[in-house]
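*Asks:*
In full-length UniProt numbering, the protein residues as written are 1 to 736.
#1: Where does residue 201 land, buried or exposed, given buried means 16+ other C-beta within 10 angstroms?
#2: Since residue 246 and residue 304 should fall inside the 8 Å C-beta cutoff, what is the C-beta to C-beta distance between them, to a whole number of angstroms?
#3: For residue 583, which residues of its own chain have a beta-carbon under 6 Å away from its beta-carbon, when the five flanking residues on both sides are left out?
#4: For the segment 710-728 against the segment 269-280, do three or more pairs of beta-carbon atoms, one drawn from each stretch, fall closer than 8 Å, so that the two count as touching?
#5: Suppose you measure from the CA of residue 43 to the CA of residue 56; what does that come to, to the nearest Å?
#6: Which first and last residues belong to the beta strand (DSSP E) in which residue 113 is found?
#7: How about the segment 637-654 and the segment 691-700: do they share at least three Cβ pairs that are nearer than 8 Å?
#8: Taking all protein chains shown into account, decide if residue 213 is buried (16 or more other Cβ within 10 angstroms of its Cβ) or exposed.
#9: Take residue 628 as the anchor and find which of 701, 675, 356 has the nearest alpha-carbon.
#10: Short check: CB of residue 198 to CB of residue 192, under 8 Å?
#11: If you check the beta carbons only, do residue 242 and residue 287 fall under 8 Å apart?
#12: If you follow the beta strand (DSSP E) that residue 583 is part of, which residue opens it and which one closes it?
#13: Are the CB atoms of residue 421 and residue 449 nearer to each other than 8 Å?
#14: Considering only C-alpha positions, which residue in the set 161, 108, 116, 112 is nearest to residue 133?
#15: How many angstroms separate the CA atom of residue 414 from the CA atom of residue 522?
#16: For residue 38 versus residue 321, is the C-beta distance shorter than 8 Å?
#17: Return the CA-CA distance between residue 482 and residue 557, expressed in angstroms with no decimal places.
#18: Please look up how many angstroms separate the CB atoms of residue 602 and residue 616, rounded, as I've assumed it's under 8 Å.
#19: Do residue 545 and residue 476 have their C-beta atoms within less than 8 Å of each other?
#20: Once you ignore the five residues that flank residue 478 on each side, which residues in its own chain have a CB closer than 8 Å to its CB?
#21: For residue 338, would you say it is in contact with chain B, using Cβ-to-Cβ distances shorter than 8 Å as the test?
#22: Which class does residue 560 belong to by DSSP, given the choice of helix, strand or coil?
#23: Return yes when the Cβ of residue 409 is within less than 8 Å of the Cβ of residue 353, no when it is not.
#24: Are the Cβ atoms of residue 318 and residue 329 separated by less than 8 Å?
#25: What does the alpha-carbon distance come out to for the pair residue 518 and residue 506?
#26: Would you report the Cα separation of residue 279 and residue 588, rounded to the nearest angstrom?
#27: Considering residue 642, what are the terminal residues of the alpha helix (DSSP H) in which it resides?
#28: Can you say whether residue 22 is buried or exposed, counting buried as having 16 or more other CB atoms within 10 angstroms of its CB?
#29: Here's the rule I'm using: 16 or more other beta-carbon atoms within 10 Å means buried, otherwise exposed. How should residue 296 be labelled?
#30: Within 8 Å, do at least three Cβ pairs link the segment 659-669 to the segment 708-719?
#31: Exposed or buried, residue 502, counting other C-beta atoms within 10 Å across all chains shown (16 or more means buried)?
#32: Going by DSSP, what residue range makes up the beta strand (DSSP E) through residue 457?
#33: Could you give the distance in angstroms between the alpha-carbon of residue 346 and the alpha-carbon of residue 367?
#34: Could you tell me the alpha carbon to alpha carbon distance between residue 31 and residue 339, rounded to whole angstroms?
#35: Between which residues of its own chain and residue 26 is the CB-CB distance below 6 Å, once the five residues before and five after are set aside?
#36: Looking only at its own chain, which residues have a Cβ that is under 7 Å from the Cβ of residue 716, when we skip the five neighbours before and after it?
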C-alpha cells in the first residue's frame, strides 16, 4: 500500500473516533480519538504489509517459500526449501524445522555426518541450531525461573528435557571435528552447561574456561533476578524501556515496548509492593510495536511523556510513524503525534531530547536510517511552546545528516551550558556537533571522535569525574554478525579478532578527545544493542551494562556488565554479579525501584525474529555499603524535566562527583531523577546546580541517604519522603 494512501486514511479517520484495533489485541476500553487514529494506522501497516520487506514476519515468509517450492522454478526448489526451513526456525517452529531436515536426510539415504562438507554444511548447521533452540525453548520457557539462561548456570537452570541439547552436542561435535570453528566450540560448551555437564563432563578437545576469572572480577555481589515476582517479566521481542515516575507518586514505574508489529506496549505502575499492569487503564491499548522509547516532559506540565520509535532495521518496509504519548496527569496517556506535528514515516530507533535553543522547552532530534536509494534525513523538531513542534533541522545546520543512524546523544562537551550532539552511524563516519547558541557546527575531525565505523549505541557521560563529559561508542560490526559467537569465543580464550572494537573518548577540556578504550579495558568487540549506564555500587563512578546479540539464533553470548574502578579503567563483573543473560539484550534502564538508595537494573530481552521471544528481567541490587543522594529537579526558566542540568557535588572527604540529568544511553531510558552514589562520604559540603537557563544555585551541608526536591530559582532544598519498600526482593526464584 502506498504511504500517501495511509496518510489519506489517517486524515480521513481524524474526522471521527474509531474503535479499530491491531490484530489479536483486546478491545480498548479507554482510548482517546487521536490515540485510536494511531492504533488504526499501525493496524493498517500490519494488515497491508509485505513479508518481502519485513524480515521479521517469519511465519508468513515460511508460507511464501513453501509456495515457491511448489509453484516456483525447479532449479530454485532446493534454495526455497532451505529458506523455508530457516524461516520455520525463526518463527519458532523448531520441531517442524527438525522434521523437514531429517526427512530430507532420510529420503536421500544419507546421514548427518555425510552432509558435513562445505557444500551442505549450512543444512547441518541449521539442524544443530534447531535442536539447540528446541532445548532452550522447551526448558527456559516452559520451566522458566529466576536463574534461567544466566551464566554461569545454577542447578535451577539446568534443562529438564535434555534431548535438544544432547542432539545439538552430537551434531556440533561432528562439525567441530571437521571444521574447528570457535563458534561451534562456544555452542558446544554452552550446550554442556545447560545439561549440568560443565566443566567436569565437557570433552577437553573443545573445552573453554568460562568464566575466565583472569578477565573478570570474581568478588562482586550477586544481583537477584526478580521480574516474575514483581509482575514485570513481560514476554516479547526486542524493544525499549523507560523507567520513571509516570503518576507522580514518588515511585519509579516501567514502560516497555516490543518489536513485533502487533505487540502491545506495556505500562507497569509501581504499587510499592510490586507492579500493576496499567496499560489498558492508561488508554494505551492498540499502541503497538516499537524498538526503542525515551521519556521527557516535553510540554512542561509536570508529567513525564513518552516517545516510541519504530521501523528500525526494516529499510523499505520501515516507513512507520513514531508515537508521542502525552501524559495527561490522571493516569492516562494520549497519542498526540499528529496534532503535535511529529507525524513522519521513516525507519528509526534512536532519538534524544534536549533544549537545543535554551528557550526552556525540550526539542527532539531523531536519527533516521538511510540506505543507498533510501534517503531518510535526520530530523530536528523545535518545540513551539504550545504542545507542537516544527521540523527545522536545516535551520540549525543538521539538515544534511544522512546515514544508517543507530545512536544519538545530547550532552555538553565544553561546559558552555548548550547541549552538543553526537551521532553514531553504522557503516559510516560518526559525527560530533558543537552547539553554538542553537546553531550546530561539525567538529568531528578536530575532536577526533569519528570511530568506530561500525557502531551502534552511544552516550555522553563523565567517566572520570573531572567535570568534562566524555563519549562512549559501542561497536557493532555488521559485517561479521554471523561470527558474533565466534568473536566472543576467541576473546574469552585470549585470541585476537578482527571485528571493530568499542571506543571511549576522554575529554581533554579543549573540545578535543583522546581515545582510551585500551587503557580503560573496553577495547572489545562488544556487539552491543541495548545499553545504559548507572552506579551499581554507589561509589560515585559510572558503570555500564550492555545487551548483546544479533538476529541469528547462533548469537547466544552473555549480556555484560562493566564496573568503573575509580575513573581509571573498567573491570567486568558479568559473571560474579549474575548479569550474564544469554538471551538477546535490548532496552536497558537503571533506577531505584524500592527506594533503598541503590540502583536496580531492568532489561528488555528477546530477538528480532518471531520465535525469539523471552521475558524481560529485573536485577535487584544487594549492595548497601555506600552512601547516596536522590535529587528531584524541577526547571522553571529551564525545561521542567531539567534535562541538560549539571550537578557538581563536593563531598566532605574532598572528592567531587558530577552528574548530568538525562535518560542515559541511546538504547534505553534511565529515570530522570538524579540517583547519585557518594562512596563513603558522610555529607555533601557543597551542591552546585548548573541550570541551562538561569544562574547556578549553591546549597551547602546536605545530609546523605535522603531524597530532596530542588526547584529552579528557589533557595530552599526540600527533603522528600523516601522510605524503603517491601518489594518482595527477598524472594527465591519463582516459577511461572
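Built from N, CA and C at the ideal position, the CB exists for glycine as well.
*Replies:* Let me spell this out:
#1: exposed
#2: 6 Å
#3: 149, 605, 614
#4: yes
#5: 16 Å
#6: Here residue 113 belongs to no beta strand (DSSP E), and DSSP marks it neither H nor E.
#7: yes
#8: exposed
#9: 675
#10: yes
#11: no
#12: Per DSSP, residue 583 belongs to no beta strand (DSSP E) and is neither H nor E.
#13: no
#14: 161
#15: 24 Å
#16: yes
#17: 13 Å
#18: 7 Å
#19: no
#20: 426, 427, 454
#21: The displayed structure is made up of one protein chain only, and chain B is not part of it.
#22: strand
#23: no
#24: no
#25: 12 Å
#26: 20 Å
#27: No alpha helix (DSSP H) contains residue 642, which DSSP labels as neither H nor E.
#28: Confidence is the limiting factor: at residue 22 the pLDDT is only 37, short of 50, which leaves the residue's position unreliable, though a coordinate-based value still follows. Flag for residue 22 reads buried.
#29: buried
#30: no
#31: buried
#32: 455-461
#33: 10 Å
#34: 16 Å
#35: The predicted position of residue 26 is uncertain, since its pLDDT is 40 and thus under 50; a value taken from the coordinates is nonetheless stated next. So no residue of the chain qualifies.
#36: none
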